[in-house]
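Protein chains in written order, with our numbering: chain A, 601 to 1075; chain B, 601 to 1075. Heads up, the beta-carbon is just placed ideally off N, CA and C, and yes, glycines get one too. These figures come from a predicted structure and were not determined experimentally.
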């Protein structure tokens, strides 16, 4: 499924897997997790160290608190464009050298951009940590760009848009739904950018954005691996510590959403669609914007409603009624501003999207009406916490969880207490969350259908954007 | 009907009437219109003089090329807020004096803000023209604001939003539809502003906006009435001419729309709705963005499809089939960026909105399929031109047409040639316009329904956001 849009530079990590649990690792509270260290250098750079001594490797990630939502209107795609351009070299390290050195170490590298952050990643032998820190510190303020490197890279991101969006009907649907869900927030803007705006991005745009947002006091370094915290701190001081703080980093303050007022729907028809699908997004709080307990209740709600083959949606629609070949729900708590709660399904042969939608709405209505059983609640909570613990086995994912959380207004402690907060969720909170947030007025429903000639596809109906339909109550 | 959002300060002029014909006056080409003079002062201020000697009065309007679409994201409502604050006085003329003087002359005044412009207006005895010019010139650069006047005025615009939007279900629908129609353009933003952003507007925001956009080289003065052009020019030079040009006026360059991809629909439920209605907006070119002849073809198309009781929609739905109590279409050519083509209807008793929508779509499909008759074409073109000529009788409306046209990227000559261009529209162009622009992918359909309890209003269905439905062809 599509979670928050995230444009990944290389394929070393599966994004869906990394995001599926939002920032969900357990640790201290579980008496099983690693002891996390959290430092701050004098220049404002934050350093998080996650010990993992199973192998002599480290994952080094630098996260900047800037993403597509921070772009100036009309310059969409700029955060991601800059991410690409960060590989174009500095006075000290010409283009390609950093990547060559990482490859020479037998390492991997990667970079990614979301609405809220931009990140760079290397997985290298532990003894190389200081060297990669030195490279990252160098390009934090020393990037050199010329039209000769910028313009061809613009073609690269345009081609990336072709591949990721234009050639992917599901991604196109997601792009249209985000634009319809967010009426005022820049989260409605695609991270990769609108093509017509990407085409106009310049070297000066990139340099201006870089100078505005890149600096030690707008960055978090996460190191996970076979390294002692004090040693990582010493390396960080020797490398990043030499940089001056950025004088003009303002707190993030993006345009906010007005209160949702109208249930929305849209249909995207594309000739390449073989399997029609239905997607729905509800505008809901993220962990950062939620009141205490609300975000956790949404996590449990999404799990009970739509995670896996034991979920309400799957059992009702795929197993019992055979109206769907897949169905589920998800929630991503990690956004600096508002977030999305998603529901989806693919109809079985002979079932129309409106029929499927009515069945989905009935499942949701039942949840709002009757709530969840104690058994469901306990099973979901245990599974959520267990999954988080198992996931700690992946060093890069651990680094990613903490980085993503810190980019979304959460703290290391918030991440560590996540299992505790999930365990505290009650059945009443889950029912309340369903009632309050699964309100059609807060939602966009998207139908992805095969584009056919007008005479033929009248049979495929469109999503009802009902206000006050089954499953809706006013909060 | 709702045309482009426009927030009017006082009620001296009916906005709908003024906008109904977009900028449509005939004149030189008709051998009946007035001779228009068009001057430019050394400081960049443009002056348009429209002679009208029937009564010893003049309409004086100053138009600034700045509107809600020029606001910084997160500061919605600022252009309109500043319009209010322009009445708060200068060092030379304390708050209230300008208005008192106009009232003392027996004059009227007014002000208005749209997405593209902000305007101020006085209708006074001809001999007072220089005096009002002097007042306007003074407040073009001399505005003095303090928190003591700004903060109470913010309450005034918030209350204005209450009255115009929150208490008006149709306006709420329009606001939601604009937000869904424009995915990237600031035209999706309400001119009055989003409440949560209006609440945060400050004196510094207003002063910053004023200093950025107000200056003689970003303004057009339109004088209509009993005055000789050379005399008006002399007055303008003596008043406005003393102002220095603004050093940093950049050409308007707002974020543009991506290609429309998905038919959208939404439902707004409001307990105060007595008469359900259907609205549809298509994203279409304005005169400024259109290729030659396209905008005029859209004018004729809108007229044949939906102007008055002889229109296709009215005859089919109200007269013949009795499924609607009203139905029509409109097009507003006057926008700097893209514009809207609107279709609307109110169902007769016992007719559902989806039924009505299917009937509307059938009328549109027929027009796309079979085009228009020569008789219809000639009747509509004659009527459009005749209406424009009759409308010249209204001095204020003439001033408004020219002002609005000049704010939308058109010239005095473009306005004067409008009847000629309308006369040149062919049946093939009208058919092509319908095929090309009345494409559901370009549209948002809005249902306005009475909000009832969830159990009851399941009967009211929602708008199908069909792609490839009746009436749609791919262009």
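Item: Can you name, in chain order, every residue of its own chain whose Cβ lies under 6 Å from the Cβ of residue 635(A), other than the five neighbours on each side?; Value: none
Item: Under three-state DSSP, which class holds residue 710(A)?; Value: strand
Item: Would residue 836(B) count as contacting chain A if we go by Cβ distances under 8 Å?; Value: no
Item: When burial is assigned at 16 or more other CB atoms within 10 Å of the CB, is residue 763(B) buried or exposed?; Value: exposed
Item: When DSSP builds the beta bridges, which residues end up paired with residue 1031(B)?; Value: None; residue 1031(B) has no bridge partner.
Item: Kindly provide the ranges of any alpha helix (DSSP H) runs that are 4 or more residues long and lie completely inside the stretch 830 to 910 of chain B, ordered along the chain.; Value: 894 to 906
Item: In chain order, what residues of the same chain lie with their CB nearer than 8 Å to the CB of residue 690(A), ignoring the 5 residues before and after it?; Value: 738, 739, 742, 743 and 744
Item: Taking residue 904(A) and residue 980(A) to be in contact with their CB atoms under 8 Å, please state how far apart those CB atoms are, rounded to whole angstroms.; Value: 5 Å
Item: Report yes or no: do the stretch 677 to 688 of chain B and the stretch 786 to 794 of chain B share at least 3 C-beta pairs separated by less than 8 Å?; Value: yes
Item: Quick one: give me the first and last residue of the alpha helix (DSSP H) that residue 684(B) is part of.; Value: 678 to 685
Item: Pick helix, strand or coil for residue 791(B), following the three-state DSSP scheme.; Value: coil
Item: Going along the stretch 794 to 805 of chain A in order, which residues come within less than 9 Å of chain B, judged by CB to CB distance?; Value: 794, 795, 796 and 797
Item: Does the beta carbon of residue 677(B) sit closer than 8 Å to a beta carbon anywhere in chain A?; Value: no
Item: Counting only Cβ pairs nearer than 7 Å, list the residues of chain B close to residue 641(A).; Value: Neighbours of residue 641(A) on chain B: none; closest Cβ ~31 Å, over 7 Å.
Item: Which of helix, strand or coil does DSSP assign to residue 651(A)?; Value: strand
Item: I'd like the span of the alpha helix (DSSP H) that includes residue 734(B), first residue to last.; Value: 729 to 741
Item: State yes or no: is the beta carbon of residue 758(B) nearer than 8 Å to at least one beta carbon in chain A?; Value: no
Item: Which term fits residue 805(B), buried or exposed, when burial requires 16 or more other beta carbons within 10 angstroms of its beta carbon?; Value: buried
Item: Where do the N-terminal and C-terminal ends of the alpha helix (DSSP H) with residue 697(A) fall, by residue?; Value: 697 to 704
Item: Looking only at its own chain, which residues have a Cβ that is under 8 Å from the Cβ of residue 974(B), when we skip the five neighbours before and after it?; Value: 1027
Item: Here's a check: name, in chain order, each residue in its chain whose Cβ is nearer than 7 Å to the Cβ of residue 656(A), leaving out the five neighbours to either side.; Value: 725, 726 and 826
Item: For residue 876(A) and residue 946(A), which I take to be in contact (beta-carbon distance under 8 Å), what is that distance rounded to the nearest angstrom?; Value: 7 Å
Item: Anyone know if the C-beta pair for residue 911(A) and residue 928(A) falls short of 8 Å?; Value: yes
Item: Hey, out of 662(B), 722(B) and 816(B), whose CA is closest to residue 844(B)'s CA?; Value: 816(B)
Item: For residue 860(B), which residues in the same chain have their Cβ closer than 7 Å to its Cβ, ignoring the five residues on either side in sequence?; Value: 883, 1041 and 1042
Item: Here's a check: name, in chain order, each residue in its chain whose Cβ is nearer than 6 Å to the Cβ of residue 1031(A), leaving out the five neighbours to either side.; Value: 971
Item: Tell me, which residues are paired with residue 725(A) by DSSP?; Value: 657(A)
Item: By a C-beta neighbour count over all protein chains shown, 10 Å radius and 16 as the cutoff for buried, is residue 746(A) buried or exposed?; Value: exposed
Item: Determine, using beta-carbon pairs with one atom in the stretch 748 to 764 of chain B and one in the stretch 794 to 811 of chain B, whether at least three such pairs fall under 8 Å.; Value: yes
Item: Which residues in the same chain have their Cβ closer than 6 Å to the Cβ of residue 824(B), if we skip the five residues on either side of it in sequence?; Value: 650, 652, 659, 995, 998 and 999
Item: Check the DSSP bridge columns for residue 662(A) and list the partner residues they point to.; Value: 720(A) and 821(A)
Item: Is the CB of residue 953(B) under 8 Å away from at least one CB in chain C?; Value: Although the question refers to chain C, the structure presented lacks it and instead comprises the protein chains A and B.
Item: Contact criterion: CB-CB distance below 8 Å. Does residue 736(B) meet it with respect to chain A?; Value: no
Item: Just confirm the distance between the C-beta atoms of residue 700(A) and residue 709(A), as a whole number of angstroms; I'd bet it's less than 8 Å.; Value: Not confirmed; about 11 Å, so no contact.
Item: Secondary structure at residue 640(B), three-state DSSP: helix, strand or coil?; Value: strand
Item: If the criterion is Cβ atoms closer than 8 Å, does the pair residue 943(B) and residue 906(B) meet it?; Value: yes
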